[in-house]
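Number of protein chains: 2
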Amino acid sequence: MTAYNAPLQDMRFTLNHVVGLPQVATLPGFDVVTPDLADQVLDEAAKLARDVLAPLNRVGDQEGAKLDNGVVRTASGFKDAYWKYAEGGWNAVPFDPEYGGQGLPWTLALPIQEMWASSNMSFSLCPMLNQGAVELLQAHGSDQQKKLYLEKLISGEWTGTMNLTEPQAGSDVGAVRTKAVPQDDGTWLITGQKIFITYGEHDFTDNIIHLVLARTPTAPPGVKGISLFVVPKFMVNEDGSLGQRNDLRCAGLEHKMGIHASPTAVMAYGDNGGAIGYLVGQENRGIEYMFTMMNNARLGVGLQGVSIAERAYQQAVDYAKGRVQSRALTGKDPAPVAIIKHPDVRRMLMTMKSQIEAARALVYFTAAALDNGHTNPDEGARKAAAALNDLLTPVTKAWCTDLGVELSSLGVQIHGGMGFIEETGAAQHYRDARIAPIYEGTNGIQANDLAFRKVLRDGGEAAFTLIKDMRAVAAEAAAQPGDDLATMAANLTDAIDAVETASKWLLDTGKADMTAVAAGAVNYLRMFGVAIGGYLTAKAMIAANNLLREPGADTSFLEGKIITGRFYADQILPSVRGLLKIVTDGHRSVMGLSDDQF
Amino acid sequence: MTAYNAPLQDMRFTLNHVVGLPQVATLPGFDVVTPDLADQVLDEAAKLARDVLAPLNRVGDQEGAKLDNGVVRTASGFKDAYWKYAEGGWNAVPFDPEYGGQGLPWTLALPIQEMWASSNMSFSLCPMLNQGAVELLQAHGSDQQKKLYLEKLISGEWTGTMNLTEPQAGSDVGAVRTKAVPQDDGTWLITGQKIFITYGEHDFTDNIIHLVLARTPTAPPGVKGISLFVVPKFMVNEDGSLGQRNDLRCAGLEHKMGIHASPTAVMAYGDNGGAIGYLVGQENRGIEYMFTMMNNARLGVGLQGVSIAERAYQQAVDYAKGRVQSRALTGKDPAPVAIIKHPDVRRMLMTMKSQIEAARALVYFTAAALDNGHTNPDEGARKAAAALNDLLTPVTKAWCTDLGVELSSLGVQIHGGMGFIEETGAAQHYRDARIAPIYEGTNGIQANDLAFRKVLRDGGEAAFTLIKDMRAVAAEAAAQPGDDLATMAANLTDAIDAVETASKWLLDTGKADMTAVAAGAVNYLRMFGVAIGGYLTAKAMIAANNLLREPGADTSFLEGKIITGRFYADQILPSVRGLLKIVTDGHRSVMGLSDDQF
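Heads up: the protein sequence lines correspond to chains U and S, in order.
Here numbering that gives the first Met the number 0 is used: the first residue of the first sequence is 0, the next is one more, and so on.
Here numbering that gives the first Met the number 0 is used: the first residue of the second sequence is 0, the next is one more, and so on.
Shown next, in the form of structure tokens:
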């Protein structure tokens, strides 16, 4: 088992000097976010993550969640941890103060969420799914629904789940078959089976509020015929007390490669006639409502990529400092040295560190766009931020989760043979990380979302606006003294040029040859991700350079930031140019084989 | 559980038309390798792999090997499978006929080995490690040792193991501390602990012959003071019958992320005074002897990357053809289609297929160089082949095993949520594959081997010889009709140019700045691997183009080969150019941070 210490210094630096938390704190409703409060909240979250959640990560992996006669037992210590978390008020961070939420901006909520997922990804999924349910009810629930459910979902007294997937309806949510039949009393009877329901059943709380997609008898086919229902595990009386058990049950838990402590349930609704459900909003608008929380959920999953990579990185650094093996490459001393002294181990650690910091900045940056997109009082700024958030969300989800897999794999590699042994813990991160590129919309779906909905649909407006901002930062970097900034400026400019060329190709090609665009979409998204990561890294380098001139500056940290950024410029950014040819020229052979030639 | 069917058509095509099995069959001693025999051997191996080994792959993953009171029980069915394998003569394929071997070339042995590792990687490790022991004894054992052990290790009646690693001696074999003290009767008493001993204990056979690295009392420090010993589990009488149990035991089995059915043992030698061992060859030459089998072992591990990727690919194809989800991207039909119709799924499958075929060709090509390097009667050709084999071995080991991880990860991704569920089987490949970049010398060590020993040491002679051959094939491709070959010629030439530039940089830089070379070595190896893969793919495309003109040609297969090669040219080769800048320009920031800045 390994320790986890939240990278508070990098988090604060990124929030304050790269993505603009101080600006977010000026938005209406966020004036509570003083620097002191932000510091204090991050410190307290870091303690809970370090002392309570992190020590349970391996226990959870080993024990998993167990289904016994319809009851799910979570791993040892998880229920206690949940209540420490809920009683600390952590469940309420980003929600509406009217229902007990703390009303903090996403820009601050995401760093906190990062700590939960780093310290214990399996645990963090329960609040994360609950968050989706809260957002939906905040936005679309009736007053009565809000009154009955919202306060308890925000306090953590109950938890909420999202029930979308069915065996035949994974990526294609429109294929949902679960039925909802109206009753005379205004309720609906829900029957059907849902799969992959995260924390669909557990022992943390007395009640679980399921949000379920289903079809009403008169619904049109496809995504336009899906409605959203609240289906509580136990019926809730008008006074909020629990009534009888509803007709739903956990019919099984999946045996997964990772996130063992997170119960992934098969949910059976209506074995005995139908589970009682309550329509949310209007009929047939379920998918539209779902998109209310989809962007945030995708941002949260992107964050998991950062979180798991950070945990894997901390463990790899720890191992590389302690493991003594082989003499140094240069010099005459035959004594073996810690492997962190070996250039290739160093390269792997820098590959992790530089990309984790860039990806972290992207998540927080997207969160700042989300906050501004919701509440910036200037209409132009608000719309621009919303468009930026829309553009960035699929990039964040896919790029960061791909990095989660790649970097946790490097974490294993740094451990050598010990990385393959489960007791070490590196392997768990590699296993846990693998789900994130899949759920909440596979990364292939994110790439299509970026290419077709976020770039083609607006004629590239949001993309070219961002590219313009990126060029401004590259120019600013070029104006700074020093070789590190100059290299960043040059390599960032080359990457931006490549992204711009690819984006123009996409706009030229998209309408006539959708297949070519779809075949290149994943690599196009990757180009975008790496380039934006470079843009934010350049911002960080500039900020560090400026801060270094201030008295009392933490030179070790700030110089480290610049060197780490230089590595990103040296070793990560050049891949963008390498992908350009693949995106624009590489599609011709993709569909060339017939099915039976595979 | 998924089926495995050996890709016999691609194997035969690659052997006969890309890497030159017909030429290998003309070498002394290999005249038995007629086309008919090769066909028959491959067919029979494919049956055993499909019918016996593949069905046990998941059983092995679930049950694992168990240690109970010093005795290791392998998973259900494994012992029976071992005896089917041994009684079929498969253990004897590449070995000396004088001791019961079949004397087949490595060029034919490797495709067979590929089937074992594809069908059941955990199982295949037992014969693979045994192979190392046999090679060592063939080359360095005394007549008496050969007589006592070799025949039974070749027949499979006993198995052999390799005992190198100790807790403090992983990559740094020179740090071995196990002791060997001479006795008056000419034997040695061995005491010490070895870890990560593959099949160090099992229930397949009555005896296990351990080859153990240890230090004698007078040994100098480091790699020059290590000797090699034969240490049988049960003493062997002169007539070959078993005597008393030796003083060694399995002290534990590791809990690994994958290859669960392969028992990875902690071996304790000499708990009760010392295990009796017999010196192989001369004192202090153990490491030198070890290199006899190291090249082959590394080639075998590289092959595992191909094997596991092939198995993951077959499963992904199967799933992509059967899973119906979402309508087609183009056209008006709203009905959902099999996901193999979706461009991004297709891209992932092509990414797997094109690189698996290239990597397979590289393994077989290296095997052909190995055979020629051993037995080509023309001295110049023999030396050139040996140099080529030396050059290719680290590339094959590292590139193919990295691909094993990357492509099995794509295999999971193609499955969507089902890929993360253990019952599907895709996850096992992803877990199993992760060990191959680590053992038999980490891929970082392979990269240093390539850069320092295989390129710098001979002033780039072997590398530039290969580059010249590659250019000839690029020119030949350019002279062929058709856009596919023209694209391959152009992109291959660009990749070769990049490899040549990087190699020249390496030669210019290496003596003065070893750190720069070591920091770029992994990416340099990757460039080499991808480019050689392109070279062999171009060869395959040319051969397919030529064969298409013959009457009765299998046009579906041959045209598929060309399209797959085109994809490699389109989407894989361009990454070589992208890595060039990273190798030659990217090293400056690698060592920039102090240890405490991580």
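The C-beta atom is built at its ideal place from N, Cα and C for all residues, glycine as well.
Asked                                                                                                                                                                                      : Found
Where do the ends of the beta strand (DSSP E) carrying residue 267 of chain S lie?                                                                                                         : 263-268
Quick check: what's the CA-CA separation for residue 123 of chain S versus residue 165 of chain S?                                                                                         : 23 Å
Within the same chain, show all residues whose beta-carbon is closer than 6 Å to that of residue 448 of chain U, passing over the 5 residues directly before and after it, in chain order. : 393
Taking only beta carbons into account, state which residues of the region 118-133 of chain U come closer than 7 Å to chain S, listed in chain order.                                       : none
Verify whether the separation of the beta carbon atoms of residue 318 of chain U and residue 261 of chain U is less than 9 Å.                                                              : no
Using the three-state DSSP reduction, which class does residue 197 of chain S fall into: helix, strand or coil?                                                                            : strand
Closer than 8 Å is the cut-off here; do at least three beta carbon pairs connect the region 273-283 of chain U with the region 108-122 of chain U?                                         : no
Pull out every residue of the region 181-204 of chain S whose Cβ sits closer than 7 Å to any Cβ of chain U, in chain order.                                                                : 195
Can you confirm whether residue 266 of chain S, when its beta carbon is compared against all beta carbons of chain U, has any partner nearer than 9 Å?                                     : no
Beta carbons nearer than 9 Å to chain U: which residues of the region 158-171 of chain S have them?                                                                                        : 164, 167, 168, 169, 170 and 171
Closer than 9 Å between beta carbons: that is the criterion. Which residues of the region 357-384 of chain U meet it against chain C?                                                      : Here the protein chains are U and S, and chain C is not one of them.
If you count every other CB in all the chains shown that lies within 10 Å of the CB of residue 137 of chain U, and 16 or more means buried, which is it?                                   : buried
Counting along the chain, where does the beta strand (DSSP E) carrying residue 162 of chain S start and finish?                                                                            : 158-162
Please confirm whether residue 140 of chain S and residue 149 of chain S have their CB atoms less than 9 Å apart.                                                                          : yes
Less than 9 Å between the C-beta atoms of residue 308 of chain S and residue 402 of chain S, yes or no?                                                                                    : yes
Is the beta carbon of residue 497 of chain S closer than 9 Å to that of residue 488 of chain S?                                                                                            : no
What residue from S:189, S:86 and S:237 has the CA that sits closest to residue 210 of chain S's CA?                                                                                       : S:189
Pull up the CB-CB distance for residue 291 of chain U and residue 439 of chain U, whole angstroms please, since I reckon it's below 8 Å.                                                   : In fact, because the Cβ distance is near 14 Å, the residues do not count as touching under 8 Å.
Is it a yes or a no for the region 568-588 of chain U touching the region 569-577 of chain S, going by three-plus beta-carbon pairs under 8 Å?                                             : yes
Residues in the same chain with beta-carbon distance under 8 Å from residue 320 of chain U, minus the five sequence neighbours each way, listed in chain order, please.                    : 337 and 339
At which residues does the beta strand (DSSP E) containing residue 207 of chain U begin and terminate?                                                                                     : 207-213
If you measure from the beta carbon of residue 438 of chain S to each beta carbon in chain U, is any gap under 9 Å?                                                                        : yes
In chain order, what residues of the same chain have a beta carbon less than 7 Å from the beta carbon of residue 99 of chain U, not counting five sequence neighbours either side?         : 91, 150, 153 and 154
If you count every other CB in all the chains shown that lies within 10 Å of the CB of residue 370 of chain U, and 16 or more means buried, which is it?                                   : buried
Contact check, residue 563 of chain S vs residue 353 of chain S under 8 Å by CB: the rounded distance?                                                                                     : 5 Å
To the nearest angstrom, how far is it from the Cα of residue 642 of chain S to the Cα of residue 561 of chain U?                                                                          : Because chain S is modelled from 0 through 597, residue 642 of chain S falls outside the range shown and cannot be assessed.
Helix, strand or coil, according to DSSP, for residue 96 of chain U in the structure here?                                                                                                 : helix
Quick check on the burial criterion: 16 or more other C-beta atoms within 10 angstroms. Buried or exposed for residue 357 of chain U?                                                      : buried
From residue 603 of chain S to residue 293 of chain S, what does the alpha carbon distance come to, in whole angstroms?                                                                    : Only positions 0 to 597 of chain S appear in this structure, which leaves residue 603 of chain S out of reach.
Is it right to say residue 334 of chain S is buried, meaning 16 or more other beta carbons lie within 10 angstroms of its own, or is it exposed?                                           : exposed
Please tell me whether residue 112 of chain S and residue 302 of chain S are closer than 9 Å, where the distance is taken between their beta carbons.                                      : yes
Nearest to residue 12 of chain S by CA position, among S:37, S:581, S:31 and S:408, is which residue?                                                                                      : S:37
How many angstroms separate the CA atom of residue 184 of chain U from the CA atom of residue 330 of chain S?                                                                              : 44 Å
Under the three-state reduction of DSSP, which class applies to residue 277 of chain S: helix, strand or coil?                                                                             : strand
In the DSSP assignment, the beta strand (DSSP E) including residue 609 of chain S goes from what residue to what residue?                                                                  : Shown here, chain S extends from 0 to 597; a query on residue 609 of chain S therefore has no answer.
Please report the straight-line C-alpha distance between residue 62 of chain S and residue 89 of chain S, rounded to a whole angstrom.                                                     : 25 Å
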